[in-house]
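To start, the structure under review is shown below, and the notes come after it.
There are 2 protein chains.
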Amino acid sequence: MLRQYAPSILLAIFALSLVPAQGQYAFQTKYLDVPLDHFSYVNGSVTFKMRYLINDTYNTNGNGPILFYTGNEGDIENFAQNTGFMWEIAPKLKATLLFAEHRFYGKTMPFGNASYDSPKHLGYLTSEQALADFADLLAVINPSNRTVRGRPVIAFGGSYGGMLAAWMRIKYPHLISGAIASSAPIRQFDTDCGVFNQILTSVFSVAYTRQCSLNIAKSWDALKNASSSADGLKMLNDKFKFCSNVTKAEDITDTFFDYLTDVYGNLAMINYPYNSTFLAPVPANPVMEFCSRLAGNYTNGTELINQLQIALSIYSNYTGQAKCLNIASAYDSNMGDAGWEFQACTEMWMPMCSQGGGKDMFPKKDWDEKKYSDDCFKKFGVRPNKNVAMTIYGGEYLDGASNIVFSNGLMDPWSGGGVLRSGSNTNIKIVLIPEGAHHIDLRAENENDPGSVRAARQVHLQNIQLWVKQFRKTTKRSYF
Amino acid sequence: MLRQYAPSILLAIFALSLVPAQGQYAFQTKYLDVPLDHFSYVNGSVTFKMRYLINDTYNTNGNGPILFYTGNEGDIENFAQNTGFMWEIAPKLKATLLFAEHRFYGKTMPFGNASYDSPKHLGYLTSEQALADFADLLAVINPSNRTVRGRPVIAFGGSYGGMLAAWMRIKYPHLISGAIASSAPIRQFDTDCGVFNQILTSVFSVAYTRQCSLNIAKSWDALKNASSSADGLKMLNDKFKFCSNVTKAEDITDTFFDYLTDVYGNLAMINYPYNSTFLAPVPANPVMEFCSRLAGNYTNGTELINQLQIALSIYSNYTGQAKCLNIASAYDSNMGDAGWEFQACTEMWMPMCSQGGGKDMFPKKDWDEKKYSDDCFKKFGVRPNKNVAMTIYGGEYLDGASNIVFSNGLMDPWSGGGVLRSGSNTNIKIVLIPEGAHHIDLRAENENDPGSVRAARQVHLQNIQLWVKQFRKTTKRSYF
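Quick mapping for you: the protein sequence lines, in order, are chains A and B. Sequential numbering of the first sequence, starting at 7, is according to the numbering used here. Sequential numbering of the second sequence, starting at 7, is according to the numbering used here.
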C-alpha cells in the first residue's frame with residue numbers, strides 16, 4: 007500500500023528478476039563473508055555471505071581497471087545481464103567486471119529465509135551497510151597497503167544503483183576512482199513532491215499527441231463514476247478481465263488507480279526505442295504505442311474506458327498470452343519489493359504527490375506524511391527517518407565531490423530528482439540524454455539508440471579513461 | 007595491559023580531564039538526542055544525549071563560519087579550554103565556536119554509568135557512529151535544504167580528534183568545508199610498527215645530548231638486574247618510593263617498564279617551550295630538562311638508576327608535592343582510557359613495537375598480534391578488526407580528498423603516522439613544524455612559541471579563509 011506514494015524505482019528495476027537471465031554474458035559466481043553490522047561491535051563477529059559475480063577474462067595485462075556495479079534493489083544476475091555497456095567497454099579497457107549483490111536482495115540474504123521476518127533482521131538493510139559490504143569486497147579483490155596500491159576501480163549503477171555508485175565515490179574515494187551514476191535521483195529526498203508526476207505527464211503529452219495525457223486525466227473520473235454502480239463494476243470486469251473481480255468502488259479507486267499509476271511510470275521508464283522485456287514484454291517506444299491508442303476525442307466515459315483498455319494491453323498483454331489482468335501487484339511475491347518498501351520506510355524518504363487540476367494527469371493527491379509514517383509502522387514496525395539521507399549523503403550539495411558522471415534521460419520521470427547541472431564544480435560531469443528513458447545509457451548498444459545515447463556512452467568512456475589515467479599517475483605512494 | 011603495545015594518543019590527551027578546566031573560555035553547554043545506532047534499524051529509535059558546547063558571541067553578522075571541534079577520546083570541556091587557537095581566530099572570522107563530545111567519553115554516556123558494562127553497550131563506541139553524531143549535530147545547528155544552505159563549517163581536531171576532523175571532511179564533504187587536522191596519525195594503521203619509538207628515541211637524543219637516550223637504553227638492563235634479587239627490589243622501592251611496593255621482578259619488567267615507556271612518550275608529546283599541566287605539571291622543554299639530568303657517563307647500574315630517578319621527577323614530581331610514585335597507571339580510574347582501549351581493540355588497530363639493539367632506546371619487543379588479540383578478547387570480549395580503518399578511511403590514499411590541512415610537529419612521535427607529504431593532490435595541504443610536539447599549533451599563542459608554530463597558525467587561518475570564500479561562492483544552489 008505504500009507503493010501508491012512512491013512510484014518505485016524498483017518497479018522498473020525489480021521486475022528484471024522476473025525475467026529469466028538471458029545468459030548473454032558469462033561470469034563466475036562467488037561469495038564473500040561480510041559483517042552483518044559494519045558499524046558496531048555488539049553482535050560479535052556475525053557475518054553473512056554476499057554474492058558477487060566476476061569476469062576476469064578481459065584483464066589480460068593483470069592490472070586493468072575494475073568495472074564495479076554497485077548493486078541494486080534486486081537480483082544481481084539480472085543487472086549483470088542488463089548492463090551491456092560495461093561488457094562492451096571491458097575488452098577495450100582490459101578490465102575486470104565485478105557485480106556485487108546488495109544485502110537483502112537476490113541470493114544475498116543475511117538471515118536466509120528469515121531475513122524479512124522482523125525489524126531485528128531487516129533493520130540491517132541500509133544503504134550505508136551495503137556500501138560498507140562493497141568496500142570490504144574491494145579490500146579483498148583489490149587490496150592496497152602502504153607499499154602496493156591496487157587497480158583503479160570505476161563504479162557503475164543505474165537508478166538506486168546509480169545513487170550507490172555516486173555515494174560509493176563520495177564516501178570511499180580511496181577505493182573508487184570515479185563513478186558513472188545513471189538516472190540516480192540523489193536529489194529526490196529534497197525536491198518538489200510533484201515533479202515525478204509532472205515529468206511523467208509531459209512524457210505522455212509529447213509521445214504522440216497531447217490528447218493522450220488529457221485522456222488519462224479524464225479517465226480517473228470515468229473509472230470512478232463506473233465504479234460507483236454495480237452495472238459499472240460489471241462493465242469494468244467485463245472490459246478489463248481482472249484476475250480477481252472488482253466488487254466495490256475502492257477496488258477501482260485504490261487498487262486499480264495505483265496499478266495504472268505504476269504502469270504509466272513504468273512505461274515512461276522503459277520507453278526505449280526497441281522492444282524490451284523489463285517489466286513485461288513491450289514494443290519499441292511503448293509510450294507512443296500506448297498513446298496512439300488513446301489519442302481520440304472521446305465523447306463519453308465508456309468510450310474512453312474502452313480505449314484505455316486497448317492502450318493498456320500494450321503493457322499488460324503485448325504478447326496476447328495473458329488470460330486476465332492482475333492489478334494487485336506485479337511483485338507482491340517478490341522479496342525485493344518489500345526490501346525497497348522497508349528502505350523507503352527508513353532512510354530512502356522520497357515524498358511523492360500529484361497536483362491534478364491540469365497540472366499533471368493524475369488525481370490530486372497530497373503528500374500525507376503522517377499516513378505514510380503510520381503505514382510504515384504498521385507494516386514494518388519502523389518510522390521514516392526523514393532527514394538521514396540528506397544528512398549522510400548531502401543531496402544536491404556536491405561541491406566536495408569529484409569524478410562522478412551523473413547521466414539522466416530527460417524523458418525519465420526520475421530525472422526530476424537527478425543532478426542536471428554541475429554548478430561550479432568541474433569535477434562533476436553532467437550528461438543529458440534528451441530522448442532517454444531510465445538509465446538507457448547503461449544498456450547494450452542497439453541500432454535504434456538515438457545519437458544522444460551513443461554520445462553519452464562515449465563521454466562515459468572518456469571519463470573512465472581519464473580517471474584511470476589520473477589513478478595511474480598517483481599509484482605511486484605519495485604520502486609517507 | 008594493552009597499553010604497553012600502544013603508547014596511547016590519549017595518554018597525552020586524556021589526562022586533560024584530570025586537570026580541572028581552567029575556565030579561560032566561556033560557552034553554553036547543550037545536549038542533542040542522537041541515535042544510538044545510525045546505521046541500522048534494529049533498535050527502534052533509541053537515542054542518547056550528546057553533549058556539545060557552543061559560543062555564538064563572535065558571530066555578529068549571523069552568518070559567520072562555524073569552527074567545529076570534532077571531539078576526542080575525552081571530556082570535551084578540556085578540549086574547548088585547551089584549543090586556544092580556535093578561540094583566538096573566532097573574533098577575526100566572526101565565527102561560532104562549537105565543540106562536540108565524542109560518544110562514550112566525558113558526559114556523553116549512551117547508557118549512563120552502565121555504558122562500559124559490556125560489549126552490548128560499548129559496542130556502539132566506534133568512530134563512524136561518532137562522525138554520524140557530529141553530522142546530526144550539524145544538521146540541527148546548521149540546516150541546509152534545497153533552497154537555503156547553511157554556513158561554512160571548518161572542522162578542527164588534534165591527535166585522534168584530528169583524525170576525526172580529516173575523516174569528517176572526507177566522509178561528509180557537504181557538511182564540512184575544510185579541516186585542520188593537527189597531529190593526526192591517520193597512517194598509523196599501516197606503517198612500520200617501530201616508527202613511533204624511533205622518533206621518540208631521536209627526540210631524547212637531540213634534546214640535550216645523545217647520552218640521554220643511550221642511558222635510557224642501558225637503564226632497562228640495570229632495572230632488570232636489580233629486580234632479580236630481593237636486595238635489588240628493596241633498593242628500587244627505597245629509591246623510587248613506589249606507592250605500592252614492588253615485590254617481584256615482573257613488577258619492574260612489566261609494570262614499571264610500561265610506565266617508563268609511557269612517560270617517555272608523554273614527555274615528547276608535551277615537549278612544549280613553556281610550562282604545562284597536561285599530564286602532570288612539567289617545566290618548559292621537559293625532555294631537555296629530563297635529559298640534562300641523565301646525561302652523564304655512569305659507571306654502574308646503581309648510579310644510572312639514581313640519575314633516572316632524579317630525571318623522572320621532572321614528570322612525576324615537578325611540584326615536589328607527590329608522596330609516592332604511582333606506576334600502576336595514571337588513568338586506571340578514567341573511563342576514557344578504557345574507551346580508547348576498546349577502540350584500539352576493535353577498529354583503531356595501531357601496531358607498535360621496539361627494535362632495541364641500538365635502533366631505538368627500548369628493549370626489543372616485537373608486535374605480537376595474537377597476544378594483542380587475546381588480551382582484547384579477555385578484556386572486552388572483542389577482537390581487533392585489523393583492516394577496517396584502512397578500508398573505511400583509506401589511510402594515506404588521499405587523492406580523492408580535498409580541503410584538509412595535515413599539520414605535524416616533527417618532534418612528536420605520532421608524526422610517524424601522520425601525513426607529511428601531499429603527493430600530487432594540491433587540495434591537501436601539509437604543514438610541518440620542525441620543533442613542534444603534539445598538536446601544539448592548536449594551543450593558544452605563547453610568547454615562547456617557535457616561529458614555525460606561529461607560521462603554522464597563519465597558514466591555518468589562510469586556508470580557513472580560502473575555504474570560507476569557496477563556500478560562499480557555491481552557497482547559491484548549483485544543482486537543480
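For glycine and all other residues, C-beta sits at the position ideal for the given N, C-alpha and C.
Simplified DSSP state of residue i, which is helix, strand or coil
i: G406(B); result: coil
i: Y324(B); result: coil
i: I436(A); result: strand
i: A236(B); result: helix
i: I160(B); result: strand
i: Y214(A); result: coil
i: V48(B); result: coil
i: F117(B); result: coil
i: R389(A); result: coil
i: M341(A); result: Low confidence applies to M341(A): its pLDDT is 40, below 50, so where it sits in the model is not reliable, and the reading given next is rough at best. Of the three classes helix, strand and coil, the one that applies to M341(A) here is helix, per DSSP.
i: L426(B); result: coil
i: S23(B); result: For S23(B), the predicted structure reports a pLDDT of 37, less than 50, and the residue's modelled location is therefore unreliable. A value from the coordinates is still provided. The answer is helix: DSSP assigns S23(B) an H, G or I state.
i: A96(B); result: helix
i: I186(B); result: strand
i: N231(B); result: helix
i: V474(B); result: helix
i: A336(A); result: With a pLDDT of 49 at A336(A), under the threshold of 50, the predicted position of this residue should be treated as unreliable, and no value is reported.
i: N272(B); result: helix
i: D62(A); result: coil
Beta-carbon neighbours of residue i, restricted to chain A and to distances below 7 Å
i: K479(B); result: S430
i: D196(B); result: N151, R152
i: D142(B); result: T397
i: T53(B); result: Simply none; closest approach about 12 Å.
i: A407(B); result: P179
i: V40(B); result: Chain A residues near V40(B): none, gap ~11 Å exceeds 7 Å.
Contacts that residue i makes with chain E (C-beta to C-beta distance below 7 Å)
i: T76(A); result: As a matter of chain content, chain E is missing from the structure shown, whose protein chains are A and B.
Chain A residues whose Cβ lies nearer than 9 Å to that of residue i
i: Q135(B); result: F45, S46
i: D418(B); result: What D418(B) touches in chain A: nothing, since even the nearest Cβ is about 16 Å away.
i: V411(B); result: Those within 9 Å of V411(B) in chain A number zero; the least Cβ separation is about 14 Å.
Within chain B, partners of residue i - CB distance below 7 Å
i: Y130(A); result: S46, V48
Pick from the options that is closest to residue i, judged by C-alpha positions
i: V52(A); options: D43(A), L467(A), D380(A), T352(A); result: D43(A)
i: S232(A); options: C297(A), K254(A), A96(A); result: Before going further, note that residue 232(A) is Ala rather than Ser in the sequence given. That would be K254(A), whose Cα lies nearest to the Cα of A232(A).
i: R157(A); options: G164(A), G163(A), P149(A); result: P149(A)
i: T102(B); options: K245(B), P369(B), P71(B); result: P71(B)
i: V40(A); options: A96(A), I60(A), A141(A); result: A141(A)
i: T283(B); options: S46(B), R449(B), L314(B), K98(B); result: R449(B)
i: G362(B); options: N203(B), I176(B), A120(B); result: N203(B)
i: G68(B); options: E309(B), L99(B), F74(B), S458(B); result: L99(B)
i: Y47(A); options: M354(B), D139(B), A161(B); result: M354(B)
i: I160(A); options: P390(A), D260(A), G50(A), T76(A); result: T76(A)
i: H466(A); options: G112(A), N454(A), V252(A), I446(A); result: I446(A)
Residues sharing a beta bridge with residue i, DSSP
i: R1(B); result: The structure shown does not extend to residue 1(B), since chain B is modelled only from 7 through 486, so no value can be given for it.
i: I72(A); result: T102(A), V159(A)
i: V288(B); result: S282(B)
i: K371(B); result: S360(B)
i: L331(A); result: F248(A)
i: Y378(A); result: According to DSSP, which records beta bridges pairwise, Y378(A) is partnered with nothing at all.
i: Y111(A); result: T114(A)
Under 8 Å from the C-beta of residue i: neighbouring residues of chain B
i: V474(A); result: Those do not exist, as V474(A) stays about 13 Å from chain B at its closest Cβ, beyond 8 Å.
i: G415(A); result: Within 8 Å Cβ-Cβ: nothing; G415(A) doesn't reach chain B, min ~17 Å.
i: T508(A); result: The shown model of chain A, from 7 to 486, leaves out residue 508(A), and the question about it has no answer.
i: I145(A); result: First, the amino acid is wrong: residue 145(A) is Ala here, not Ile. Within chain B, the residues near A145(A) are N393, M396, T397.
Within chain A, partners of residue i - CB distance below 8 Å
i: K495(B); result: Outside the shown range of chain B, which is 7 to 486, sits residue 495(B), and nothing can be said about it.
Chain-ordered chain B contacts of residue i [CB-CB under 9 Å]
i: G442(A); result: Neighbours of G442(A) on chain B: none; closest Cβ ~19 Å, over 9 Å.
Would you call the stretch 466-482 of chain A and the stretch 292-299 of chain A in contact, with 3 or more CB pairs under 8 Å? no
Does the stretch 213-221 of chain B come into contact with the stretch 186-203 of chain B, if we say contact requires no fewer than three beta-carbon pairs (one atom in each stretch) closer than 8 Å? Touching, no, given that fewer than three Cβ pairs across the two stretches are closer than 8 Å.
Stretch-stretch touch, CB-based, cutoff 8 Å, three pairs: the stretch 89-96 of chain A with the stretch 342-353 of chain A: Touching, no.
If we count Cβ pairs, one from each stretch, closer than 8 Å, do we get three or more for the stretch 243-259 of chain B versus the stretch 177-192 of chain B? Taking a contact to require three or more Cβ pairs closer than 8 Å, the stretch 243-259 of chain B and the stretch 177-192 of chain B do not qualify as touching.
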